Structure formats: C-alpha cells, structure tokens
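Asks: Shown below is the structure under consideration.
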Amino acid sequence: AMRHGVAPKTLHVDAPSSHVDWDSGAVQLLTEAREWSNGDRPRRAAVSSFGVSGTNAHVILEQAPDVENASASNDPTDSTHRVDTGISATTDETGTDAGTGVLVWRLSGRSREALVGQARRLADFVAADAGLDAADVGWSLLQRSRFEHRAVVVGADRDQLLAGLASLGTDTPAVNTVTGTGTGAGKTVLVFPGQGAQWVGMGRELLDTAPVFAQAIEECEHAFSAWVDWSLTEVLRGSGDAPSLDRVDVVQPVSFAVMVGLARLWAAFGVVPEAVMGHSQGEIAAAH
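Numbering (our numbering), first residue to last: 15 to 302.
So this is what it looks like as structure tokens:
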C-alpha cells in the first residue's frame, strides 16, 4: 500500500460496527480502495495486535525513502536514513551518479602484519589492471577464507577503494577503513514459541520429505494416543475428520509435537544448540 500509494479496502467487514461513532472524529472505515497521497511527508501507518494471551503490540511503519533520491542525495546536512562514512558517490560530467552505490572490499590475515601486507598486494594488483571491475574484486574477496585479523574498505568507486587500501597498507587509520579481530563462531540457541504460531498445514510437507521429522511425529502420536481421541498425523495433514487447531486441547499438543520434530530435524543436520528456551507453552518443548 505504501509503495503503490493506495490504501486498500478493509477486509472481512460487511457493515461498520454500531459501537463506533463514525460521524465524529477523523477515523474512517475503508469500504473501497482509495488513493493514498503523501504530499511532503512520507506515508505512515500503524498496526495493532491484541493477543489472546495478553500480549499487545503497536507498530508504526513509515514509507521507505525513494531509492533514486536516497542514492543521489549528497547533502551533508541531510541525516535522514544515512550513515556518514566519509565517502560520497562519484558523478560524471552531467552531474548524475556514475556509480552503482557503495562497495565493500573485505580482507583478512592471520596477523596484523599479514593483513597489512595483503592490502599492499591487492592495491598493486588492482592498480596494475585498469580493466578490473570494483564489484567483481569485492565478490572475489568474499570467497576467500576469513582469518582472525580483518579489515573492511568501503568506497563508492575504484579510487576511493584504492585510497583505503593505501591507508591500510601503511597501517594508517582512514575514514573508510575498519579493522578488527574476528571472534569465534556464535553459539546456537533454539527458541520454542507459544501458542499463536500455528497454521493449518504446518509440517505437512516435512511428513513426506523428512524421515527424521516424520519419526518424531509418530513417536508423539503414540504418546498422545492414551490421552486424546484424535490423530496427530491427521490434524497436520488437515484431514476432513480431524479436529480444528482452534481447539486449545488440540493446538497445544500439536504445536509441541511440531517443535520437537523440528528440533530433531535440525539436530540431524548437525545443528546442536548450546541452549534451549521457550515462551509460554514453548517452555514444555524446550524442557523436553
């Protein structure tokens, strides 16, 4: 709606509520789609969610800045949606943007000295071949191994990137160069959700394509059989005689089974969490 400038018709409303005085105030029910002009301000909208469990949320969304205007703006006083990197896009003889945006060259080495040497060698290599595309160089650098000592050179064109390499090659700080030491791989945590994340058909495809998931569901169904009068598999497949997920006594055990099945599937892929946690009924799956 924000992108196309059209406010859509309100869905699933046959008649306005009689509990609201629609004749007073500025709130109107959209019975038809209408043009959404923004004038000199970006479009903004609010989305409210009132959860059954008591969780209320209100999110305010703003129209994204125009891509062309955002990339062409070099006004140093305009701080909206911009991060000052100390660089600016180059322009051609017509004054228009001649580049495709900011590029990043990533380097690394096993020591600070190795990193500095890598910067010097790359600068010499790029400077010797005027035909090298800066974006292609950046892509190639991303394919290399990442060592402990790292640097990122940011530039809008070839000259800015080479200037950053020159500074890095002499171990001199520069506004468009960031250096640091990489840390080890982050630890994995699985978070199990509470009621409300379910949807009709969840897990259906995995039942047919992921044996590990299907086995976990089968085990849960066997464990449930002494306590429920419905089939877990039939609920997941949406069979005609299966009860609805709208029932609390159905959705909670079904969600538990899906969470357990997904956790075992991730484990089969080698993803073993360092910790597990859950929200609401998700705590039961996490404890399991």
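We put the CB at the ideal spot given by N, CA and C, even for glycine. Since the model is a prediction, treat every value here as computed from it, not as a measurement.
#1: Quick one: Cα of Thr99 to Cα of His26, how far?
#2: Specify whether the stretch 190-209 and the stretch 220-232 touch according to this definition: at least 3 beta carbon pairs, one from each stretch, less than 8 Å apart.
#3: With distances taken between CB atoms, is the gap from Ala141 to Val226 smaller than 8 Å?
#4: Can you find at least 3 beta carbon pairs, one from the stretch 62-73 and one from the stretch 200-218, that sit closer than 8 Å?
#5: Would you list the one or two residues that DSSP bridges to His163?
#6: Looking only at DSSP bridge pairs, what is Val391 linked to?
#7: Decide if Glu235 is buried, meaning its Cβ has at least 16 other Cβ atoms within 10 Å, or exposed.
#8: With 16 as the cutoff for other CB atoms within 10 Å, does Thr186 come out buried or exposed?
#9: Which same chain residues end up closer than 6 Å to Met16 when comparing Cβ atoms and leaving out the 5 residues on each side of it in sequence?
#10: Can you give me the C-alpha to C-alpha distance between Thr223 and Leu279, rounded to a whole angstrom?
#11: Look at the Cβ atom of Ala300, then the Cβ atom of Val285, and state whether they are nearer than 8 Å.
#12: Here's the rule: buried if 16 or more other CB atoms are within 10 angstroms of the residue's CB, otherwise exposed. What is Val34?
#13: Val73 and Trp119 - do their beta-carbons sit closer together than 8 Å?
#14: Unbroken alpha helix (DSSP H) runs of length 4 or more, entirely within the stretch 221-286: which are they?
#15: Which class does Gly215 belong to by DSSP, given the choice of helix, strand or coil?
#16: Between Gly183, His163 and Val168, which lies nearest to Phe139 when the distance is taken from Cα to Cα?
#17: Assuming Ala256 and Val249 form a contact by the criterion Cβ under 8 Å, report the distance between their Cβ atoms to the nearest whole angstrom.
#18: Would Ala149 pass as a contact of Leu117 if the rule is Cβ separation under 8 Å?
#19: Just list the beta strand (DSSP E) runs in the stretch 38-81, keeping only unbroken ones of 3 residues or longer that don't cross its boundaries, in chain order.
Replies: Well, looking at it:
#1: By 1-based counting over the sequence shown, the position of residue 99 is 85. By 1-based counting over the sequence shown, the position of residue 26 is 12. At Thr99, the pLDDT of 36 sits below 50, so the modelled position is not reliable; the number obtained from the coordinates is stated separately. Going by the C-alpha atoms only, they are around 48 Å apart.
#2: With the cut-off at 8 Å, the stretch 190-209 and the stretch 220-232 do not touch.
#3: Stepping through the sequence shown from its first residue, residue 141 is reached at position 127. Stepping through the sequence shown from its first residue, residue 226 is reached at position 212. No, Cβ-Cβ distance for Ala141 and Val226 is not below 8 Å.
#4: yes
#5: Your numbering for residue 163 matches position 149 in the sequence shown. Its beta-bridge partners are Gly123 and Thr195.
#6: Look at the range of the chain in this structure, 15 to 302, and you will see that residue 391 is not part of it.
#7: Sequence index remark: in the sequence shown, residue 235 carries index 221 (1-based). Buried, because 16 or more other Cβ atoms sit within 10 Å of the Cβ of Glu235.
#8: As a position in the sequence shown, residue 186 is number 172, starting the count at 1. Counting Cβ neighbours within 10 Å, Thr186 comes out exposed, since fewer than 16 surround it.
#9: Walking along the sequence shown from the start, residue 16 turns up at place 2. If we look at Met16 and ignore the five residues flanking it on each side, its Cβ neighbours are Arg57 and Gln77.
#10: For the purposes of this step, residue 223 is identified with residue 209 of the sequence shown, where counting begins at 1. For the purposes of this step, residue 279 is identified with residue 265 of the sequence shown, where counting begins at 1. C-alpha separation (whole angstroms): 11 Å.
#11: On the sequence shown, position 286 is the one that residue 300 refers to. On the sequence shown, position 271 is the one that residue 285 refers to. No, these two residues do not count as a Cβ contact at 8 Å.
#12: Along the sequence shown, read from residue 1 onward, the residue named residue 34 stands at position 20. The residue in question, Val34, is exposed, as its Cβ has fewer than 16 Cβ neighbours within 10 Å.
#13: Translated into the one-based positions of the sequence shown, residue 119 becomes position 105. Translated into the one-based positions of the sequence shown, residue 73 becomes position 59. Result no, Cβ atoms of Trp119 and Val73 do not sit closer than 8 Å.
#14: 225-238, 246-251 and 262-282
#15: Taking the sequence shown and counting its residues from 1, the one referred to as residue 215 is at position 201. In the structure shown, the three-state DSSP call for Gly215 is coil.
#16: Along the sequence shown, one-based indexing puts residue 139 at 125. When each option's Cα is compared against that of Phe139, the closest is Gly183.
#17: Walking along the sequence shown from the start, residue 256 turns up at place 242. Walking along the sequence shown from the start, residue 249 turns up at place 235. Confirmed, Cβ separation roughly 5 Å.
#18: Numbered from 1 along the sequence shown, position 135 holds the residue referred to as residue 149. Numbered from 1 along the sequence shown, position 103 holds the residue referred to as residue 117. Yes, the Cβ-Cβ distance between Ala149 and Leu117 is below 8 Å.
#19: 58-64 and 70-76
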